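Chains as they are written, first to last, in the numbering used here: chain W, 745 to 876; chain Z, 745 to 876.
This is how it looks when you write it as structure tokens:
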């Protein structure tokens, strides 16, 4: 069993979104960070034991830009904290689930992350997060 | 600031979905419950400090059935724990956000719940939950 780490929400622009979520989740835990490998700019807001991650695409070639074009803004992914991203991805693959990443890669805030494919979890894009 | 309570995921059938989420979220906290007012059958799985709620429509007139037909299975809503559902809904309405419910109504597990409209939170259907 693993713990929920954060919920990713795709938005066209961080600024107005941060204002809208402030009454629920307070101020962000720091300035927005660009995650170059995923072509997004992100901000994390604390909601009790978990966090809300707002994701803004940095260009039209971002997967989040394609998500926004296809489905519109809204819930994008669920991230779970695991001891080993590689092991979690391998476990999904072993039971026949599709994965986006075979092994972990660098994510925001110095963490190692990896994504399963939405078909593996009832249409939900699941991210595994390994803290340093 | 409020705390995340659970994440709702729309699925066509609870049985296979429970099996798919078991490696992440373990066994459900009890047998599935029918929430007649929302025309869904739900199961809750613990993921650390928050829960994953799997929602299966009980008929084609369920909002979750319409969601599945329109968007497919996947992330459906975010629920936040608040001291007062009525006050949380009023706060959203006061700042110009649309709400589905003006006041709270009975939810699963004896809780009082109320929904804001997705337009109020960047396309995310937000539920407020008041524990008994």
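Beta carbons: idealized from backbone N, C-alpha and C, even for Gly.
Because the structure is a prediction, the values reported are computed rather than measured.
Chain W contact for residue i (CB, 8 Å cutoff)
i                      : result
residue 874 of chain Z : no
residue 764 of chain Z : yes
residue 761 of chain Z : yes
residue 755 of chain Z : yes
Close Cβ partners of residue i (< 6 Å) along its chain, the five nearest in sequence each way excluded
i                      : result
residue 871 of chain W : 821, 823, 857, 859
Contacts that residue i makes with chain Z (C-beta to C-beta distance below 7 Å)
i                      : result
residue 817 of chain W : 866, 867
residue 786 of chain W : The premise fails here: residue 786 of chain W is roughly 14 Å from chain Z at the closest Cβ pair, so nothing lies under 7 Å.
CB contact below 8 Å: residue i versus chain Z
i                      : result
residue 747 of chain W : yes
residue 871 of chain W : no
Residue i and residue j closer than 8 Å at C-beta
i                      : j                      : result
residue 819 of chain Z : residue 753 of chain Z : yes
residue 795 of chain W : residue 757 of chain W : no
residue 848 of chain Z : residue 829 of chain Z : yes
residue 763 of chain W : residue 852 of chain W : no
residue 793 of chain Z : residue 793 of chain W : yes
residue 755 of chain W : residue 866 of chain Z : yes
residue 797 of chain W : residue 861 of chain W : no
Within chain W, the residues that residue i reaches when beta carbons sit closer than 9 Å
i                      : result
residue 824 of chain Z : 768, 769, 791, 792
Own chain, CB closer than 7 Å to residue i, minus 5 neighbours either side, in chain order
i                      : result
residue 746 of chain W : 824, 825, 826
residue 790 of chain W : 769, 770, 773
residue 878 of chain Z : A question about residue 878 of chain Z goes unanswered here, because the residues of chain Z that appear run from 745 up to 876.
residue 876 of chain Z : 854, 855
residue 775 of chain Z : none
residue 787 of chain Z : 758, 762, 772, 776, 798
residue 817 of chain W : 754, 755, 756
residue 845 of chain Z : 833, 858, 859
residue 837 of chain Z : 843
residue 781 of chain Z : 849, 850
Cutoff 8 Å; reference residue i; Cβ partners in own chain excluding five residues on either side
i                      : result
residue 803 of chain W : 783, 809
Within chain W, partners of residue i - CB distance below 8 Å
i                      : result
residue 862 of chain Z : 818
Residue i CB to nearest heavy atom of the ligand COA below 7 Å
i                      : result
residue 848 of chain Z : Ligands in the displayed structure: none, and consequently the ligand COA is not present.
Checklist entry - Listed from N- to C-terminal order along the chain, which residues in the segment 827–852 of chain W have their beta-carbon within a distance smaller than 7 Å of any beta-carbon of chain Z? => result 835
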